[in-house]
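Reading through the structure tokens given below for one structure.
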């Protein structure tokens, strides 16, 4: 197992930081913008 062999490490990610939520949940505008930024996506006018 990769965890036992210390090839990978598992870390807890708080629900507020779950980037996949942007694709799977209805989010309020603030959370959406926060996660969008973590994906490196910005508005065209911000370029």
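Numbering (the UniProt record's numbering), first residue to last: 1 to 47.
Positions of the beta carbon are idealized from the N, C-alpha and C atoms, including for glycine.
query: Taking the continuous alpha helix (DSSP H) assigned at residue 29, which residues delimit it?
result: Counted from its first residue, the chain shown places residue 29 at position 29. Element bounds for residue 29: 29-38.
message: On a Cα-Cα basis, can you pick out the residue from 20, 6 and 26 that is closest to residue 39?
response: For the purposes of this step, residue 39 is taken as residue 39 along the chain shown, with counting starting at 1. Of 20, 6 and 26, the residue nearest in Cα terms is 20.
query: Just how far apart, CA to CA, sit residue 30 and residue 22?
result: Counting from 1 along the chain shown, the entry for residue 30 is found at position 30. Counting from 1 along the chain shown, the entry for residue 22 is found at position 22. Approximately 12 Å, taken between the alpha carbons.
task: Could you spell out the range, first to last residue, of the alpha helix (DSSP H) harbouring residue 24?
output: Taking the first residue of the chain shown as 1, we reach residue 24 at position 24. Residue 24 -> alpha helix (DSSP H) spans 21-24.
- prompt: residue 44: buried (16+ other C-beta within 10 angstroms of its C-beta) or exposed?
  reply: In the chain shown, counting from the first residue as 1, residue 44 sits at position 44. Classification for residue 44: exposed.
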